[in-house]
Amino acid sequence: MVQYREPVLDATFAALSDPTRRGVLEQLGRADASITNLAEKFHMTLTGMKKHVGVLEKAGLVTTEKIGRVRTCKLGLHALDKEAEWIERYRQLWAERFDELDKIVEELKLKEKTHGQNKR
Amino acid sequence: MDKTKDSGTNLTKNNTTVERKSDRELVVTRTFKGPAHVVFNAWTKPELFQRWWAPKSFGVLLLSCELDARTGGKYRLVFRHPSTGEPMPFFGRYVEVIPPKRIVWTNDEGEEPGAVTTVTFEENAGETVVVLHDLYPSKEALDEGIASGSTSGYPMQFEQLDELLVDLEASMDGRTA
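Order-wise, the sequence lines are chains A and B.
Numbering-wise, this note's numbering comes out as the position in the first sequence, counting from 1, plus 59.
Numbering-wise, this note's numbering comes out as the position in the second sequence, counting from 1, plus 414.
Structure below.
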């Protein structure tokens, strides 16, 4: 299956690091839209929006298709896996936290042992 | 240098698992090598809690930590955002605290109603299984959290997450080298 090696992740997260682009994804999650629509919605120039869509497209988050004179954008296949990636990051955050907690539990256990002996 | 040696195996070594249980729920599970009351204390005593809740790699500084870990008590954590330097408060109420078994709290810092977090501690043969359960008010709220890269207690955006991953990888390389 698809492996999320770094270049893919880099492109994805770079693409997602911009609030406008996240907004575009949200918008496309609701309905497909043309670049003109998107530019209007986000109060941007056509050129500006084209750039954003380009970044999203490269990351596989969005696909575009030109029908007649209109370029329509929709969520890319990769966007469906966004959640899985996010969950992996979320897991890593917890793992990091819990590594620290491990140390504290270890320390408290030792303390308790010595305290317990003193009490008795 | 040697990146091939640790190809992914370290990622599961701690057995921290995360699952999206439903539209509205995220569940994190992890086992600790210690009795429940010890692990529980680390979640409820500020002087212990603040030592692990914001590890260095998170890139945020925990400025203050007040926990009144009793049913009906309140908590308030203040972080400093590394790029803006602005303080970011996280706060809420303990809905239920049953030592050393269960803690339930609200996450009230957002404009919209936040998730309710339930942590349970189950001791078995000297080890404690911790299950953390975030219940969001709606599917949209959780989706929103995922889309923006932040969910309860995460003062982070994707850029920072990215940096974190780099840090993690670097430290893993260090460990195996």
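Virtual Cβ for every residue (Gly too), placed ideally from N, Cα, C.
All figures in this text were calculated on a predicted structure; none of them were measured in a lab.
Beta-carbon gap between valine 83/A and leucine 105/A smaller than 9 Å: Within the first sequence, numbered from 1, the residue matching residue 83/A stands at position 24. Within the first sequence, numbered from 1, the residue matching residue 105/A stands at position 46. Taking 9 Å as the cut-off, the beta carbon of valine 83/A is found no closer than this to the beta carbon of leucine 105/A.
Assigned secondary structure, alanine 450/B (DSSP; H/G/I helix, E/B strand, else coil): Position 36 of the second sequence holds residue 450/B. Helix.
For alanine 118/A and glutamate 33/A, the rounded distance between their alpha carbons: Within the shown structure, residues of chain A are numbered from 60 to 179, placing residue 33/A beyond reach of any answer.
The alpha helix (DSSP H) enclosing phenylalanine 101/A, as first and last residue numbers: The residue you call residue 101/A lines up with position 42 of the first sequence. No alpha helix (DSSP H) contains phenylalanine 101/A, which DSSP labels as neither H nor E.
Residues near glutamate 536/B in its chain [Cβ-Cβ closer than 6 Å; skip 5 each side]: Taking the second sequence and counting its residues from 1, one reaches residue 536/B at position 122. Within the same chain, glutamate 536/B has close Cβ partners Val543.
Bridge-paired residues (DSSP) for tryptophan 519/B: Within the second sequence, the letter at position 105 stands for residue 519/B. Beta-bridge partners assigned by DSSP to tryptophan 519/B: Tyr508/B, Thr531/B.
7 Å Cβ cut-off: residues of chain A touching asparagine 455/B: Position 41 of the second sequence, counting from 1, holds the residue named residue 455/B. Here the neighbours are Leu167.
Cβ neighbour criterion (16 or more within 10 Å) applied to asparagine 429/B: Against the second sequence, residue 429/B aligns to sequence position 15. Per the 10 Å Cβ criterion, exposed.
Chain A contact for lysine 447/B (CB, 9 Å cutoff): Along the second sequence, one-based indexing puts residue 447/B at 33. Yes, contact with chain A.
Minimum Cβ-Cβ distance from serine 471/B to chain A less than 9 Å: Here residue 471/B is taken as the residue at index 57 of the second sequence, counted from 1. For serine 471/B, the answer is yes, since a Cβ of chain A falls inside 9 Å of its Cβ.
Reduced DSSP secondary structure (H/G/I, E/B, other) of aspartate 91/A: Within the first sequence, the letter at position 32 stands for residue 91/A. Annotated three-state conformation of aspartate 91/A is coil, per DSSP.
DSSP beta-bridge partners of glutamate 480/B: Sequence index remark: in the second sequence, residue 480/B carries index 66 (1-based). Within the DSSP bridge table, the entry for glutamate 480/B names Arg490/B as partners.
Inter-residue spacing [alpha-carbon to alpha-carbon] between arginine 130/A and alanine 143/A: To locate residue 130/A, count along the first sequence from 1; it is residue 71. To locate residue 143/A, count along the first sequence from 1; it is residue 84. Each residue's Cα considered, the two are about 29 Å apart.
Under 9 Å between C-beta atoms of alanine 431/B and arginine 150/A: For the purposes of this step, residue 431/B is taken as the residue at position 17 of the second sequence. For the purposes of this step, residue 150/A is taken as the residue at position 91 of the first sequence. The question names alanine, but residue 431/B is threonine in the sequence shown. For threonine 431/B and arginine 150/A, yes; Cβs fall inside 9 Å.
9 Å Cβ cutoff met for threonine 458/B and glutamate 541/B: Counting from 1 along the second sequence, the entry for residue 458/B is found at position 44. Counting from 1 along the second sequence, the entry for residue 541/B is found at position 127. Their beta carbons are not under 9 Å apart, which means threonine 458/B does not touch glutamate 541/B by this criterion.
Alpha-carbon to alpha-carbon, leucine 477/B and leucine 579/B: As a first step, residue 579/B is located in the second sequence; it is residue number 165 there, counting from the start. As a first step, residue 477/B is located in the second sequence; it is residue number 63 there, counting from the start. In this predicted model, leucine 579/B has a pLDDT of only 43, less than 50, meaning its place in the structure is not dependable enough to derive any value.
Residues within the region 94 to 126 of chain A neighbouring chain B, beta-carbon criterion of under 9 Å: Residues of the region 94 to 126 of chain A with a C-beta atom less than 9 Å from some C-beta of chain B do not occur.
Glycine 438/B, enclosing beta strand (DSSP E) - first and last residue: Taking the second sequence and counting its residues from 1, one reaches residue 438/B at position 24. The displayed chain sequence assigns arginine, not glycine, to residue 438/B. Premise fails: arginine 438/B is in no beta strand (DSSP E) and is neither H nor E.
Interface residues of chain A facing isoleucine 517/B [CB-CB closer than 9 Å]: Position 103 of the second sequence, counted from the first residue, corresponds to residue 517/B. Under the 9 Å cutoff, chain A gives no residues; its nearest Cβ is about 14 Å from isoleucine 517/B.
Methionine 570/B in three-state terms, based on DSSP: On the second sequence, position 156 is the one that residue 570/B refers to. Unreliable positioning characterises methionine 570/B in this predicted model, as indicated by a pLDDT of 41, which lies under 50. The coordinate reading is nonetheless provided below. DSSP places methionine 570/B in coil when its eight states are reduced to three.
Beta-bridge partners of leucine 134/A, as assigned by DSSP: Numbered from 1 along the first sequence, position 75 holds the residue referred to as residue 134/A. Answer by DSSP bridge pairing, in chain order: Val121/A.
Candidates Val545/B, Gly524/B, Arg507/B, Ser552/B: closest to valine 442/B by CA position: Mapped onto the second sequence, residue 442/B falls at position 28. Considering only alpha carbons, the answer is Val545/B.
Under 7 Å by beta carbon: chain A residues contacting threonine 430/B: For the purposes of this step, residue 430/B is identified with residue 16 of the second sequence, where counting begins at 1. Correct list: Arg150, Trp153, Ala154, Phe157.
For threonine 71/A and leucine 134/A, believed in contact at Cβ under 8 Å, the rounded distance: Within the first sequence, the letter at position 75 stands for residue 134/A. Within the first sequence, the letter at position 12 stands for residue 71/A. Incorrect: roughly 13 Å between the Cβ atoms, too far for contact.
Valine 509/B and histidine 495/B closer than 9 Å at C-beta: Counting from 1 along the second sequence, the entry for residue 509/B is found at position 95. Counting from 1 along the second sequence, the entry for residue 495/B is found at position 81. Cβ atoms of valine 509/B and histidine 495/B: not closer than 9 Å.
Exposed unless 16 or more other CB atoms sit within 10 angstroms - verdict on aspartate 437/B: The residue you call residue 437/B lines up with position 23 of the second sequence. Residue environment analysis places aspartate 437/B among the exposed positions, since fewer than 16 neighbouring C-beta atoms fall within 10 angstroms of its C-beta.
Neighbouring residues, chain B, relative to aspartate 161/A (Cβ below 7 Å): As a working note, residue 161/A is residue 102 in the first sequence. For aspartate 161/A, the neighbours in chain B by C-beta distance under 7 Å run, in chain order, Phe446.
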